[in-house]
Each structure stands twice: as C-alpha cells, then as structure tokens.
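Asker: Residue numbers (the working numbering): -6 to 331.
Even for Gly, the Cβ is constructed at its ideal location relative to N, Cα and C.
Just so we're clear, the structure is a prediction, and the values are computed from it rather than from any experiment.
Take this structure first; my questions come after.
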C-alpha cells in the first residue's frame, strides 16, 4: 500500500509541476496555451517551445541522473555513490574550459555571459566526461577492480579533473572565459532547445530501460558477490557495464545542461527508504522521484525572485541537502540503519 501511494503521489506531483512549469514566465500563457502554441509561429510559439523544452529537459535529466545514481549505489554497494561522486560533472567542466579556451567565449550582453560555438562545447564536455569513466576503469583495474579500488579511482580521477580545471582557469583563461566556465557549471535546464530536450528524454528512457532490465542482477548483487556468482552473475562485469552505461548517459546530459549535483544521490535514497531495495520497483521509482525533484527545483528557482532565474544546480543543492537531512532524521526516529 505504501509503495502504491508513493508512486501515485510522485506521478501526481510530476504532472502538477510540469503543467505549472509551463505557465511560469514574464509572457503570460497558461499551460494549455503553451501546449497549443508549440507549433505556432511568432512570439507565442517561441515562448511555448522554450518553456516546453525546459520542462522536458528537467524531467529527462532528473530521471536519468536518479536511475544512474541508483545503479551506481547498488553496483558499488555504497549509498553515497552518484554520478557526481563518479566525477563526471567535474570532467565535463574541464572539457568546457578547454573548448572555451580553444574556440573562445562569447560576450557579456545585458550582464549575461554567453558561449559561442555551443555544439563544440557540448562535444568537448561529452568527450571529457566519458574519458573520466575510462580513466576510472583503468585506475581501478590496476587495483584488481575491487570495490575499494573503484571508489579510490573515482576519488583520484575526480580530484585530478578538479585540479586541471583550476590550473586552466589560473594560467590560461581570461576573466570572461573563466566567467563563462563558472556560469556553465551552475547547471541550467533552460539551455537545450525543444529538439535537444527530446534527445535527452530518449537518453533518459534508454537509461531506465537498460538498468531496469538488469534489476534481477542488482537484486542478486545486493546479497553479496558470492551469492551473485552462484546465480550466474559476474559482479566485476556488472560493475564495469554499470560504470560505462551510467557514464555515457550522464555525459550526454551534463554536456547539454552543465553540472547538476545531488539529484543522483538524493532521489535514489529517498525512493529506497520508501519503496525498498527491490530493483524492479526501485529503478522506476527513482526515475519518478528524480524527475519531480529536479523539476520542482527548477520551478522554485524561477518563482523565488522573478524575472531572475536561479540556476537549477544551485536550488537542487539546497533542496537535496534538506531532503537527505530530513530522511536521515526520519530513519533515526524509526531506528533504521541507512
């Protein structure tokens, strides 16, 4: 009963937030007006496409980050594992810094930093983010590809990328280029176009489908490596493909939106505390949770001080921290171990 209620409440929250998100903006349009004007020409159509793209991107990115986080936490048997701790966003930021240095940044217009050559920046961010996964796998293999070696490799590679980003900013980037990199790292679901948001939605669906199909393997892994091996699941291979699949998915997402932390950590843990650890239910529940959580964070950032839009990466960090703290206190009251 609790599971059904949570799924229903999450679905209702997602639909409500989605429709409300479409109605927010300086240009007055209801959610129905937006949906009916998507294919129209003129200012109404342009506004409608921008708002729909923003909402679809938030749903897609939130769901995919949450599913990737759930998979990493299960594969590594670590509730603190997430795409952010894997170092993917930090690596993508290095790719952006390199692209801006090589191709130049845009200009300051009306107080905003714009980036020229956006697709070169996106491609560079994806390449750097996926290279992060390959480096983690390489370093972990040197330690026998154990759980400890994977986690240590994640920490080492993430620290290396952070140092490289700082070095680029200190030695090579001018003030405008540094501002462009910092602005990109804030995370913003309003950057992709409507067509790009559909691409991100397809990536999100593929991510959920892949990890849901591996749900039984994750269930066996949760009982221990020996139990998994006796049931025909190779733990090292499952961890390898989990790292690769989650890295590829998240690399695509962050290359379009920038750094969005915490949703890949908070959403799976929230879903797990309520749904339980059965992965055939946990994966879709995590996707739903991540979708409404990130969409809610974006809505909050747009209504706090209109017409100023606070980047979702900032609001998500505040919301995620508050949710995790609340769940920790609730688990402590019930005497549960997390």
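Might you give, ordered along the chain, the residues of its own chain that have their beta carbon closer than 7 Å to the beta carbon of residue 81, omitting 5 neighbours on each side?
Answerer: Locating residue 81 in the chain shown gives position 88, where the first residue counts as 1. 122, 125, 240, 243, 244 and 247.
Asker: Output needed for residue 204: all residues of its chain with C-beta closer than 6 Å, excluding positions within five of it in sequence on either side, in chain order.
Answerer: By 1-based counting over the chain shown, the position of residue 204 is 211. For residue 204, where only same-chain residues beyond five positions count, the Cβ hits under 6 Å are 60, 64 and 276.
Asker: Specify the secondary structure class of residue 326 as computed by DSSP and reduced to three states.
Answerer: Along the chain shown, one-based indexing puts residue 326 at 333. In this structure, residue 326 counts as helix in the three-state DSSP scheme.
Asker: Have a look at residue 264 and residue 279 and give me their C-alpha separation to the nearest angstrom.
Answerer: Within the chain shown, the letter at position 271 stands for residue 264. Within the chain shown, the letter at position 286 stands for residue 279. Near 6 Å, if we compare the C-alpha coordinates of residue 279 and residue 264.
Asker: Skipping 5 residues on each side, what residues in its chain have a beta carbon closer than 6 Å to that of residue 226?
Answerer: Numbered from 1 along the chain shown, position 233 holds the residue referred to as residue 226. Correct list, in chain order: 210 and 213.
Asker: Which whole-angstrom value is the C-beta distance of residue 94 and residue 166, which I expect to be below 8 Å?
Answerer: Working through the chain shown from its first residue, we reach residue 94 at position 101. Working through the chain shown from its first residue, we reach residue 166 at position 173. Yes, residue 94 and residue 166 are in contact; Cβ-Cβ is about 6 Å, under 8 Å.
Asker: Between the beta-carbon of residue 70 and the beta-carbon of residue 140, is there less than 8 Å?
Answerer: The sequence position of residue 70 within the chain shown is 77, counting from 1. The sequence position of residue 140 within the chain shown is 147, counting from 1. Yes, Cβ-Cβ distance for residue 70 and residue 140 is below 8 Å.
Asker: From 18, 25 and 57, pick the residue whose C-alpha is nearest to that of residue 43; which is it?
Answerer: Here residue 43 refers to the residue found at position 50 of the chain shown. Considering only alpha carbons, the answer is 18.
Asker: Please report the Cβ distance between residue 11 and residue 40, rounded to the nearest whole angstrom; I am assuming they are in contact, meaning their Cβ atoms lie under 8 Å.
Answerer: Indexing the chain shown from 1 puts residue 11 at position 18. Indexing the chain shown from 1 puts residue 40 at position 47. Contact flag wrong, Cβ pair sits at about 17 Å.
Asker: DSSP three-state call for residue 252: helix, strand or coil?
Answerer: As a first step, residue 252 must be located in the chain shown, where it is residue number 259. The answer is coil: DSSP assigns residue 252 none of H, G, I, E or B.
Asker: What separation, rounded to the nearest whole angstrom, lies between the Cα atoms of residue 107 and residue 85?
Answerer: Indexing the chain shown from 1 puts residue 107 at position 114. Indexing the chain shown from 1 puts residue 85 at position 92. Its pLDDT being 49, under 50, residue 107 is placed unreliably in this model, and the coordinates cannot settle the point.
Asker: Give every residue of the same chain whose Cβ lies closer than 7 Å to the Cβ of residue 282, excluding the five residues on either side of it in the sequence, and list them in chain order.
Answerer: As a first step, residue 282 must be located in the chain shown, where it is residue number 289. The residues are 3, 59, 260, 263 and 264.
Asker: Ordered along the chain, which non-local residues of its own chain (more than five positions away) have a Cβ less than 8 Å from that of residue 233?
Answerer: Reading the chain shown from its first residue, position 240 is the one you call residue 233. Answer for residue 233: 130 and 138, listed in chain order.
Asker: Alpha carbon to alpha carbon, how far is residue 194 from residue 315?
Answerer: Sequence index remark: in the chain shown, residue 194 carries index 201 (1-based). Sequence index remark: in the chain shown, residue 315 carries index 322 (1-based). So the alpha carbons of these two residues sit roughly 27 Å apart.
Asker: Could you check if residue -6 is buried or exposed, using at least 16 other CB atoms within 10 Å of its CB as the buried criterion?
Answerer: Taking the first residue of the chain shown as position 1, residue -6 is located at position 1. The residue is exposed, with fewer than 16 neighbouring Cβ atoms inside 10 Å.
Asker: Under a Cβ-count criterion, where at least 16 other Cβ atoms within 10 Å of its own Cβ denotes burial, should residue 197 be classed as buried or exposed?
Answerer: Counted from its first residue, the chain shown places residue 197 at position 204. Classification of residue 197: buried, given that the 10 Å Cβ count is 16 or more.
Asker: Excluding the 5 residues flanking residue 182 on each side, which residues of the same chain have their C-beta closer than 7 Å to its C-beta?
Answerer: One-based indexing of the chain shown puts residue 182 at position 189. Excluding positions up to five away in sequence, the list reads 47, 50, 51, 54, 250, 291 and 305.
Asker: Quick one: using the 10 Å Cβ neighbour count with 16 as the cut-off for buried, is residue 206 buried or exposed?
Answerer: On the chain shown, position 213 is the one that residue 206 refers to. With fewer than 16 Cβ atoms within 10 Å of its Cβ, residue 206 is classed as exposed.
Asker: What are the complete alpha helix (DSSP H) segments, minimum 4 residues, inside the stretch 123 to 205?
Answerer: The qualifying runs are 140 to 164 and 168 to 178.
Asker: Let me check understanding here. Comparing Cα to Cα, which of 15, 293 and 117 lies closest to residue 92?
Answerer: Translated into the one-based positions of the chain shown, residue 92 becomes position 99. Minimum Cα distance to residue 92 is reached at 117.
Asker: Do you know how far the Cα of residue 318 is from the Cα of residue 301?
Answerer: Working through the chain shown from its first residue, we reach residue 301 at position 308. Working through the chain shown from its first residue, we reach residue 318 at position 325. Cα to Cα, residue 301 sits roughly 28 Å from residue 318.
Asker: From which residue to which residue does the alpha helix (DSSP H) around residue 12 run?
Answerer: As a working mapping, residue 12 is identified with position 19 in the chain shown. Unbroken alpha helix (DSSP H) run through residue 12: -5 to 16.
Asker: If I measure Cβ to Cβ from residue -1 and keep anything under 6 Å in the same chain, skipping five residues before and after, which residues do I get?
Answerer: Position 6 of the chain shown holds residue -1. Excluding positions up to five away in sequence, the list reads 267.
Asker: Looking only at its own chain, which residues have a Cβ that is under 8 Å from the Cβ of residue 186, when we skip the five neighbours before and after it?
Answerer: Here residue 186 refers to the residue found at position 193 when the chain shown is read from its first residue. Contacts found: 42 and 46.
Asker: Relative to the C-alpha of residue 132, which candidate in 215, 174 and 149 has its C-alpha closest?
Answerer: Looking up residue 132 in the chain shown gives position 139. Ranking 215, 174 and 149 by Cα distance to residue 132 puts 149 first.
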